[in-house]
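If you read the sequence shown in this note's numbering, its first letter stands for residue 14, the second for the next number, and so on.
Every residue gets a Cβ at the ideal spot worked out from N, C-alpha and C, and that includes glycine.
Being a predicted model, the structure only gives us computed values, none of them experimental.
This report concerns only the one structure given below.
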Amino acid sequence: MDKKVTVVGAGNVGATAAQRLAEKELCDVVLIDILDGVPQGKALDLTEAAPIEKHDAHLTGANTYEASKDSDIVIITAGIARKPGMSRDDLISTNAGIINDVTKQIVAYSPEAILIIVSNPLDAMCHVAFDASGFPKNRVVGMAGVLDSARFRAFISMELNVSVESIHAFVLGGHGDTMVPLPRFSTVAGIPITELIPQDRIDALVDRTANGGAEIVSLLKTGSAYYAPASAAVEMAESILKDKKKILPCAAYLQGEYGIQDLFIGVPVKLGSKGIEDIIEISLTDTEKAALMNSAAAVQDLKDDLKKLG
Ligand code: APR
């Protein structure tokens, strides 16, 4: 392949992302993890599936960063995942240290890469990677909105018994309980769901979306969601690798857009070969604006917590 993506963290999200990247023949893949043998074993296992899955992507596993040299994209999934009873925010002190360390090592070998952050708490980890990398803001992007809107789309599909392919959904804000699903921009074949689903059911779907991650955690009991998070990260990577310029909801560093200053938060962005090529500003109702500001305040609290952690 002429493109190269490194996935840091060969756990559930990272290994699933590696599988999807390879099976879509988007790039060669390097898997990196601190666990001795795990990234090597998973890369070899995926390589042995290649003849059956019919792809020619090369997969390599490593515990150090030399193999990641000159990656086009680095997807960071390293860290701990939450268990039942934990919020994403409970992961902050452990994962901040990990993301800081990982980012510095990545940058040393791939100074031109685009970073896709997946580790939680997502918006705060974007800040850690942004600061540790010194990269321009267009090359650090967080995966949250694509996942949250995919969940919303899945629930709308179940509600109306229509194909997921006919459904678009919009979610703004931080990747947490304060996220802001926007029903009037969520459509079935272009028709807003507000015309198709009664308000009380929309409220229920919005609530289920905001708690979508927790629902999976409570079912799995030993970890958090990974199939949908991996799909979301790979959709973002594909848009960048193929310069598709998809408009996707992602965590981006805002400097005044939506009236928000110096904060990573989920907004619609154009993703192409330069990373975030544009931030799309839509006009919000007063209620939507208030919900976004509430979400921004929650992300700001996490950013302040990071400062206290040093
Ligand atoms: N460098 C590289 N890899 C690391 C490091 C490090 N410093 N620290 C931990 N890891 C690895 C672990 O060894 C593990 O293999 O990160 C991997 C995490 O995998 P899982 O525990 O399976 O977690 P996963 O479900 O993949 O979630 C990873 O993504 O969605 C988020 O909240 C989730 O923050 C979590 C992250």
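Coarse secondary structure for residue i, derived from DSSP in three states
i, result
"glutamate 301", "helix"
"alanine 265", "strand"
"aspartate 190", "coil"
"isoleucine 47", "coil"
"threonine 10", "Residue 10 lies beyond the range of the chain shown here (14 to 323); nothing can be said about it."
"leucine 322", "helix"
"phenylalanine 143", "helix"
"glycine 288", "strand"
"lysine 117", "helix"
"phenylalanine 165", "helix"
"valine 312", "helix"
"threonine 77", "coil"
"phenylalanine 148", "coil"
"aspartate 58", "helix"
"isoleucine 206", "helix"
"glycine 24", "coil"
"valine 175", "coil"
"proline 124", "coil"
"leucine 276", "strand"
"proline 52", "helix"
"isoleucine 93", "coil"
"glycine 98", "coil"
"leucine 185", "strand"
"aspartate 256", "coil"
"isoleucine 293", "coil"
"aspartate 41", "strand"
"proline 211", "coil"
"valine 131", "coil"
"leucine 72", "strand"
Residues near residue i in its chain [Cβ-Cβ closer than 8 Å; skip 5 each side]
i, result
"aspartate 46", "Val21, Gly22, Ala23, Gly24, Gly27, Pro52, Gly74, Asn76, Ala91"
"tyrosine 122", "Tyr78, Glu79, Ser81, Lys82, Asp83, Ser84"
"arginine 382", "Past the edges of the chain, shown from 14 to 323, lies residue 382, and the structure says nothing about it."
"leucine 319", "Ile105, Ala109, Ala137, His140, Val141"
"methionine 249", "Ile129, Val154, Met156, Val159, Leu261, Cys263, Leu284"
"asparagine 174", "none"
Test: residue i CB closer than 8 Å to a CB of chain C
i, result
"isoleucine 278", "This model lacks chain C altogether; it includes just one protein chain."
Residue i: CB within 7 Å of a non-hydrogen atom of the ligand NAD
i, result
"isoleucine 105", "In the structure shown, the ligand NAD is absent; the only ligands present are the ligand APR."
Close Cβ partners of residue i (< 6 Å) along its chain, the five nearest in sequence each way excluded
i, result
"lysine 316", "His140"
"asparagine 307", "Thr191"
"alanine 303", "none"
"valine 120", "Ser146"
"alanine 223", "Asp190, Met192"
"glycine 158", "Val184, Pro262, Cys263, Gly279"
"isoleucine 204", "none"
"leucine 57", "none"
"threonine 107", "Ile93"
"serine 199", "Ala182, Phe183, Ile206"
"lysine 258", "Lys283, Gly285"
"glutamine 118", "Tyr78"
Rounded Cβ spacing between residue i and residue j (contact assumed at less than 8 Å)
i, j, result
"valine 201", "isoleucine 169", "7 Å"
"leucine 267", "isoleucine 273", "4 Å"
"lysine 37", "leucine 44", "16 Å between Cβ atoms; not a contact."
"valine 131", "proline 242", "6 Å"
"lysine 67", "leucine 39", "About 14 Å separates the two Cβ atoms, so there is no contact after all."
"leucine 209", "glutamate 301", "Not quite, the Cβ-Cβ distance comes to about 19 Å (not below 8 Å), so this is no contact."
"alanine 62", "valine 42", "That belief does not hold up - the Cβ atoms of alanine 62 and valine 42 are roughly 13 Å apart, past 8 Å."
"aspartate 291", "valine 282", "7 Å"
Own chain partners of residue i with C-beta closer than 7 Å, once the 5 adjacent residues on each side are dropped
i, result
"tyrosine 271", "Val280, Glu294, Leu305"
"alanine 238", "Gly226, Ile229"
"glycine 288", "Ile127, Asn151, Arg152, Val154, Ile253"
"phenylalanine 148", "Leu128"
"alanine 246", "Ala30, Ile88, Ile129, Val131, Met156"
#### Entry: Inter-stretch contact (C-beta, 8 Å, three-pair minimum) for the segment 81-95 and the segment 103-123
yes
### Message
Taking contact to mean 3 or more Cβ pairs, one atom from each stretch, closer than 8 Å, check whether the segment 225-241 and the segment 171-181 are in contact.
### Response
no
### Message
Quick test of the definition: if touching needs 3 or more C-beta pairs under 8 Å, does the segment 123-133 touch the segment 152-172?
### Response
yes
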